[in-house]
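Engineer: I'd like to ask you about the structure that follows.
Chains as they are written, first to last, in this note's numbering: chain C, 1 to 401; chain D, 402 to 802; chain B, 803 to 1203; chain H, 1204 to 1604.
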């Protein structure tokens, strides 16, 4: 066992951290005040700088123009990027584009790669992933209503999706739809590329999440497909392979989220410590002299360390043995890290008092934006059942899912 | 000991509950979609109905046109009103107006009552309370920088306040300012009525709280006083009595908040149960069949019951023995009920999944709006120290505050 | 609503508290050092003093020689008695005798009352209640294996019980056994009085609970019935009424436990405060000056107050509307108060440091003895399901038990 | 970074696990029933088998007859040994002997090594460490009352110690005593070897901890030194170096404890899973089908994994950079792992119901024996302050300890 990060990687991480502090943190209040869309020109310029420094698309193979990092090392990068609300976007490794890139690399045809993957990789367009439906529980992905019926050389899609994150401004959606309703449950759905300009694709609205509509990349769309028509060449992989393709990248997707959360934790921890030192309760008596604040700092430090090690171990296991071997670890980090995240943020807010509720720090935005961490990509309760099922198998008990 | 609510009161509570469901709940999504200000005409009409039903100003003595309820019974009313984000406003017992009314009744001159109290009681104007300062910790109210200097027959105020809730649209502010800097710490500040139209009164902005600026009543202002000039007849009570006057109504103020929170808990609990019954995980298998959901329902029920009884006992103690005798109880409910509130809301949100984060239910608004419950009117940590100090006195130990 | 305790009752409570401090607390270290059995003579003498003071059997009707208190007021007494590990025993209202007395009063024949109830009431004998079986879950009382077969004028019992508390030294057991295996599940069992001297009654051993065998009253027995023969006149009530009789007194039984736990909490709280004031971290700097200790004191005070009010309200509801009306409240207090109990004890132990683990204070005995509070009389998880089932019924959902 | 355990080590761990299951687990109920002392002959025989297998003294350098494992790998071994209450003892790496061996290796004179270290290493004698005093807080080690006065060629010790673990049956004690009362606070104490047969050494009693006196190795002694006289050649290192020597091995000591706790967690987890699968709530419906049990399994799995990784990283850091560099990590694991330990045990007990309180499983013994984990070697609250102090230093704030 060796907990050391190799020196080249340490240098990269330091470089990214410095870049964030100098180029990205200053954009945060701008985005908070003026909105994501208004900042797009500046964000584009900042992205160009990232490309020049060689940090673009850290998770993408070198052949496709990325840094080619394995999951563990991309995790380390992600934990730095997560400190800013804009970090992943600026480095072009933001969800859901990162996932769509992976799917296209693994399953895209040459034409799909040319039309969709390459502009994504260059950062010229954005994409979204339409799976969740308002009338069906996300915890039961097999129970889905959106359909894609073959009609001539086309698919005709009908259905209702929501929490299609970043649909506003996206060039295309990867859509999960039932193509084979008579097949076995796991073989009914397919993934289909649907340009947002296709006839019948309708972005109804950006949902208000914790009171905010958001806009552009920072939004969650409600989408309706009304006889929406796309050529059959937009199918990803084979018909009925929708779940399989989705599952293939679940592991990596969760590592990405979890390491981003570690980054948020570190930012919250840093802000908490700064405030504790700077804020005086009485002249010469900073908040940090209160024992409760000290306990929060210690508990947060321990929990973040624990969370970080767990995510890295899970990434290492996926890198070396595949995601199937890491099923328990992946579900463990999903609920464990989300819990740590919300607890650390809560303590950081409480340390700031009323200030913590305002937009003077990114804390309120993190808190509002990440309450969903315990829900999206599978609620805590489902991941805990997954872990228990795997564990109990070793004790000879099969629990139906 | 008798836990029964007298029959007349039960009838009043049922009447108010019915009114809320029929007249107020339907306005909630309107306010969420169009903002508080746009709804003012309708809210005014609803308030007139409340007056006709005889439920106007439940906490105000009959001589002043209210229902004249004692604290315990007003608490029961408040727990019903709190179920709606608009309840207290519609019944004219909302903070900070309710507190300002009490101060004016107790300390206002005939002229102050005529000019400020009476239109408040009639619901014609609103008011705010300017105490908290950005550069000074709210937990140390004696350390304040806003000053009011005598100049001829006037006070000239200078200073910087924030979290002056509902300043936007208010007719006047009650301002805490240092008038006697050389006096003993507790005798330095005075309360002064400052019309928002006075020269030098400047509402800088509505703060963004959990990302929202809010507007009109639903807002938290940042206020600057620049050589703001008001006649000395605007002084409330005597010079140097600012803290004393503030403290007099702390007890009642906390009962009001806590019982309002109980109302929010009940609404959250109701929404959680409804969702658990209505949402199916698979055909014919509602969410409520999951043991975790059942445990949350049971834990929430127990915690809300506990919180409610504690607040009622504290109110009873204030009614019968005065707030000094109830100091431990008042501080206990402040942190205990805030904690229950946030836990119940959190469970209700998790039960709703992604829906709980949207504005389709009032849950997200409650969650965002009430994270501050553990901060405003004294953070948890301060109230816990107050309790410990009182308890340890009985064991012969004086702990300096 | 009225939270006042009537003056006569206040006087009684003060008298009992004083008696405990003077006569019972001093016996605690004796029992700890020498065992329960060795102290029996002194305990007997102390009981005689209780009789003389008129506090004997507070929960028993005056006609039967008790104080005749209703449940709420007995609850108040119980919260005082619970402060000592010996309190309930000394006042002859200890479980399981208290429950057996109630059963005998309600269902005993004249002969049963003469032979079993009267000596119990006089404190001359003790009894036990044999229900739980090692091979069957306590949470499913219908699934039981002990049988009582009619044979001539006798019942012949066979079966295996454990956690038959206080069997060691008891004169008789009330035994739950299947008499009617063909009846509907709830009508299969009967309650039968079995003298411990009956042929075939065998106390196998006192179980080691948290490492202690205990002895006499302070013990939990494992009991085997091997063709154990008792006359049919020992049947309590009618055949098949076993569950009904058991359920009739569940409500009262839980109030008794919960109020006893409140008493333990108050003792733990008192010890924690005393230690915080007395123990110095450095010369002149008592432990109570640490903020964490202060927070524990405040949190404990709030939680104990909450727990106490909930139990009293549940008792009031049983007194006034019967235990069926109070089903939610009864289950809520069972898990809520047990949780508070263990948390308060845990904080008290931590405040004492290593001392808290020793037998120098009653804390370790309370902690070891009451970990079972979350298990006996129904584990937390079962009570939470009971609450949820009742609540969800109002929302139109029937959940099978 | 590499989370793989080298293959040779994996083999050793598997061998030790197998040995435990075959040779040590079967002794546990024997010790529980008959006491530690009665089992000494069998334990001695088992220890001989360990020696033959080459697993003796895993933490001791090969030159001294041990396996020579570094801290990280000894941690892995320790996590296996901890699964049994007897594991460390049987492999001769039990506290406090392990610590005393390290001290003697580092600071012992040739004569001290011959007389004390060598028989310890061979497992012929046992030792204890007398530091904690009843009248002084363990959290302030500088405030100590035991003195050792020079008198001719001897030290004369006077003082009162307790929680001198394993004093019963020990051949000698390493005693912390003030030799230089006029020196700077950290230079006042020395470590002195005191044979338990020395005149004036008095083992007053074995303390009752959670109700048990214990005996022999499994005990905590109260010791009095009354003009206890030992030659000056029994001084360890130099006069006044007592704290320095003690601190040198704090890091390793905490890794040992924490990894032992991980072992206990794994045993508890295993027992919980076994019980969940075996215990039926109704015919064919095992406890493991309950969602709450599944959540406990998942939460426990995640927490144990987190705890294990944190301890291993701390050990790795000590191995590679020394314990000073790992100060934050060492204090973090002390409170984090103790918390996980007690939570996992609590869930395991609750899963077992009443059975979990009995001595039929080792759970009750673990629970009673390890409540102290949050107290001994520094209470949680002190370790949290240590972490906060270190963290806040980086933010420019020095907090006095």
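Every residue gets a Cβ at the ideal spot worked out from N, C-alpha and C, and that includes glycine.
Taking 8 Å as the threshold (C-beta atoms), are residue 49/C and residue 23/C in contact?
Structural biologist: Locating residue 23/C in the first chain gives position 23, counting from the first residue. Locating residue 49/C in the first chain gives position 49, counting from the first residue. Result yes, Cβ atoms of residue 23/C and residue 49/C sit closer than 8 Å.
Engineer: What span of residues does the alpha helix (DSSP H) with residue 891/B cover, start to end?
Structural biologist: Within the third chain, the letter at position 89 stands for residue 891/B. Residue 891/B -> alpha helix (DSSP H) spans 889 to 892.
Engineer: Terminal residues of the continuous alpha helix (DSSP H) containing residue 368/C?
Structural biologist: Taking the first chain and counting its residues from 1, one reaches residue 368/C at position 368. Where residue 368/C is concerned, the enclosing alpha helix (DSSP H) stretches over 363 to 370.
Engineer: Which residue spans inside the region 849 to 916 of chain B form an unbroken alpha helix (DSSP H) run of at least 4?
Structural biologist: Listed in chain order, they are 873 to 883, 889 to 892, 899 to 909.
Engineer: Spell out the partners DSSP gives residue 127/C in its beta bridges.
Structural biologist: Translated into positions along the first chain, residue 127/C becomes position 127. Its beta-bridge partners are 172/C.
Engineer: Would you kindly report the start and end of the unbroken alpha helix (DSSP H) that includes residue 24/C?
Structural biologist: The count along the first chain starts at 1 and reaches residue 24/C at position 24. First-last for residue 24/C: undefined, no H or E at that position.
Engineer: For the region 1171 to 1190 of chain B, enumerate the residues whose C-beta is nearer than 8 Å to any C-beta of chain H, in chain order.
Structural biologist: Going along the region 1171 to 1190 of chain B in chain order, one finds 1173, 1174, 1176, 1177, 1178, 1181, 1182, 1183 with a Cβ nearer than 8 Å to chain H.
Engineer: Name the residue from 229/C, 296/C, 142/C whose alpha carbon lies nearest to the alpha carbon of residue 782/D.
Structural biologist: By 1-based counting over the second chain, the position of residue 782/D is 381. The shortest C-alpha separation from residue 782/D is found at 296/C.
Engineer: Tell me the start and end of each unbroken alpha helix (DSSP H) in the region 172 to 250 of chain C that is at least 4 residues and wholly inside, in chain order.
Structural biologist: Runs of the alpha helix (DSSP H) inside the region 172 to 250 of chain C: 242 to 248.
Engineer: Could you tell me the distance, in whole angstroms, from the CA atom of residue 812/B to the CA atom of residue 791/D?
Structural biologist: Taking the third chain and counting its residues from 1, one reaches residue 812/B at position 10. Taking the second chain and counting its residues from 1, one reaches residue 791/D at position 390. Approximately 23 Å between the Cα atoms of the pair.
Engineer: When Cβ atoms are compared, which residues of the region 1070 to 1088 of chain B fall closer than 9 Å to chain H?
Structural biologist: Listed in sequence order: 1081, 1082, 1083, 1084, 1085.
Engineer: Identify whether residue 1600/H lies in helix, strand or coil by the three-state DSSP scheme.
Structural biologist: Within the fourth chain, the letter at position 397 stands for residue 1600/H. Of the three classes helix, strand and coil, the one that applies to residue 1600/H here is coil, per DSSP.
Engineer: What's the call for residue 153/C, buried or exposed, on a 16-neighbour Cβ count within 10 Å?
Structural biologist: Working through the first chain from its first residue, we reach residue 153/C at position 153. Exposed.
Engineer: Could you work out which residues of chain H lie near residue 693/D, taking near to mean beta carbons separated by less than 8 Å?
Structural biologist: Position 292 of the second chain holds residue 693/D. Under the 8 Å cutoff, chain H gives 1494, 1495, 1498.
Engineer: Pull up the distance between the alpha-carbon of residue 1027/B and that of residue 478/D, whole angstroms please.
Structural biologist: As a first step, residue 1027/B must be located in the third chain, where it is residue number 225. As a first step, residue 478/D must be located in the second chain, where it is residue number 77. Residue 1027/B and residue 478/D: Cα-Cα distance of roughly 59 Å.
Engineer: 8 Å is my cut-off, CB to CB: does residue 365/C come that close to chain D?
Structural biologist: Position 365 of the first chain, counted from the start, is the residue given in the question as residue 365/C. With 8 Å as the cut-off, residue 365/C counts as an interface residue toward chain D.
Engineer: On the three-state DSSP scale, how would you describe residue 359/C?
Structural biologist: Stepping through the first chain from its first residue, residue 359/C is reached at position 359. Residue 359/C: coil per DSSP, three-state reduction.
Engineer: Straight-line CA distance for residue 1175/B to residue 1236/H?
Structural biologist: To locate residue 1175/B, count along the third chain from 1; it is residue 373. To locate residue 1236/H, count along the fourth chain from 1; it is residue 33. The straight-line gap from Cα to Cα measures roughly 26 Å.
Engineer: Go ahead and pull the three-state DSSP assignment for residue 688/D.
Structural biologist: Mapped onto the second chain, residue 688/D falls at position 287. Residue 688/D: helix per DSSP, three-state reduction.
Engineer: Could you please tell me which residues of the region 595 to 618 of chain D, in chain order, have their CB closer than 8 Å to any CB of chain C?
Structural biologist: Taking 8 Å as the Cβ-Cβ cut-off against chain C, the residues of the region 595 to 618 of chain D that qualify are 608, 609, 610, 611, 612, 613.
Engineer: So the alpha helix (DSSP H) residue 339/C belongs to, where does it begin and stop?
Structural biologist: Locating residue 339/C in the first chain gives position 339, counting from the first residue. Where residue 339/C is concerned, the enclosing alpha helix (DSSP H) stretches over 327 to 352.
Engineer: Go to residue 381/D, then tell me how far its alpha helix (DSSP H) extends in each direction, as first and last residue.
Structural biologist: The question about residue 381/D has no answer, for chain D in this structure spans 402 to 802.
Engineer: When you check each C-beta in the region 241 to 270 of chain C against every C-beta of chain H, which residues fall closer than 8 Å?
Structural biologist: Cβ contacts with chain H: none found.
Engineer: Does chain C have any CB closer than 8 Å to the CB of residue 1230/H?
Structural biologist: Within the fourth chain, the letter at position 27 stands for residue 1230/H. Judged by the 8 Å Cβ criterion, residue 1230/H is not in contact with chain C.
Engineer: Does DSSP classify residue 1338/H as helix, strand or coil?
Structural biologist: The count along the fourth chain starts at 1 and reaches residue 1338/H at position 135. Three-state DSSP puts residue 1338/H in coil, outside helix and strand.
Engineer: By the 8 Å beta-carbon criterion, what residues does the region 122 to 150 of chain C contribute toward chain D?
Structural biologist: Per Cβ criterion, the list reads 132, 134, 137, 138, 139, 140, 143.
Engineer: Name the DSSP bridge partner or partners of residue 157/C?
Structural biologist: Translated into the one-based positions of the first chain, residue 157/C becomes position 157. Residue 157/C pairs with 148/C, 228/C.
Engineer: Tell me residue 1368/H's beta-bridge partners as DSSP assigns them.
Structural biologist: The residue labelled residue 1368/H in the question sits at position 165 within the fourth chain. Bridge partners of residue 1368/H: 1423/H.
Engineer: Please confirm if residue 1160/B has its CB atom under 8 Å from at least one CB of chain H.
Structural biologist: Within the third chain, numbered from 1, the residue matching residue 1160/B stands at position 358. Yes, its Cβ sits closer than 8 Å to a Cβ of chain H.
Engineer: Can you tell me whether DSSP reads residue 2/C as helix, strand or coil?
Structural biologist: Along the first chain, read from residue 1 onward, the residue named residue 2/C stands at position 2. Strand.
Engineer: Taking C-beta to C-beta, are residue 1386/H and residue 294/C nearer than 8 Å?
Structural biologist: On the fourth chain, residue 1386/H is found 183 positions in, with the first residue counted as 1. On the first chain, residue 294/C is found 294 positions in, with the first residue counted as 1. No, Cβ-Cβ distance for residue 1386/H and residue 294/C is not below 8 Å.
Engineer: Say whether chain B places a C-beta atom closer than 8 Å to the C-beta of residue 1557/H.
Structural biologist: If you number the fourth chain from 1, residue 1557/H lands on position 354. Yes, contact with chain B.
Engineer: Suppose the cutoff is 6 Å on Cβ atoms and the five residues either side in sequence are ignored; what does the same chain contact list for residue 61/C look like?
Structural biologist: Within the first chain, residue 61/C is the residue found at index 61, counting from 1. Here the set comprises 68.
Engineer: Please classify residue 1070/B as buried or exposed, where buried requires at least 16 other C-beta atoms within 10 Å of its C-beta.
Structural biologist: Stepping through the third chain from its first residue, residue 1070/B is reached at position 268. The residue is buried, with at least 16 neighbouring Cβ atoms inside 10 Å.
Engineer: Which residues bound the beta strand (DSSP E) around residue 324/C?
Structural biologist: Sequence index remark: in the first chain, residue 324/C carries index 324 (1-based). Element bounds for residue 324/C: n/a, residue is neither H nor E.
Engineer: Less than 7 Å between C-beta atoms, sequence neighbours within five positions excluded: which residues of the same chain meet that for residue 1393/H?
Structural biologist: Mapped onto the fourth chain, residue 1393/H falls at position 190. Only 1351, 1380, 1382, 1438, 1442, 1443, 1444, 1445 meet the Cβ criterion.
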